[in-house]
Amino acid sequence: MSEGALRDEADGRVYYGSTSILFMVSSRGGPVPDDQVALLQRLLVVDPHVRLRAVRVACLEAQVRSEDTLGRVDAELSVRAESRGIRIDVEVQARTRARVVARRHRS
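Residue numbering for the sequence shown follows the numbering used here, beginning at 2 and increasing consecutively.
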C-alpha cells in the first residue's frame with residue numbers, strides 16, 4: 002500500500018510519501034511460517050537486496066503518484082513484526098525535477 006502527495010514549499014515542490022509491503026503469515030493465508038516471523042524479520046533488516054528492492058518499489062510508487070518527475074529520492078526504511086506478518090515501511094521524500102532544472106538554468 003502506498004500514499005503520498007506533492008507539497009509546495011518555499012524553494013519548490015517536494016513529494017512526501019510512504020509505501021508499506023506486508024508479508025503475511027501462513028495462518029492469515031500468506032507465505033511466512035508463523036513460527037519463523039522473528040527470524041525472518043531479523044534477516045530482512047540486514048539483507049541489502051531486500052532493502053534495495055523495497056526502496057525501488059517505493060520510488061516507483063512515488064513517481065506514479067507524483068504529478069512531476071522526481072529528482073533524487075531520500076528514503077528511510079523500517080521492518081517490524083505485526084499480528085498479520087512482517088511489514089516493511091519505506092518513507093520517501095523527493096524534490097521535483099522541475100525545480101532542479103530551473104535552478105540549473107538560473108546559474
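Beta carbons: idealized from backbone N, C-alpha and C, even for Gly. Please read all numbers here as calculations on a predicted model, not as lab measurements.
* Using 8 Å as the threshold, is the region 63-71 in touch with the region 79-90, meaning 3 or more CB pairs across them? -> no
* To do: Kindly indicate which three-state DSSP category A11 falls into: helix, strand or coil?
  => Coil, per DSSP.
* Asked: Secondary structure at S79, three-state DSSP: helix, strand or coil?
  -> For S79, the secondary structure class from DSSP, reduced to helix, strand or coil, is strand.
* **N-terminal and C-terminal residue of the alpha helix (DSSP H) that R52 is part of** => P49 to R66
* To do: Could you tell me the boundaries of the beta strand (DSSP E) in which G86 lies?
  => G86 to T97
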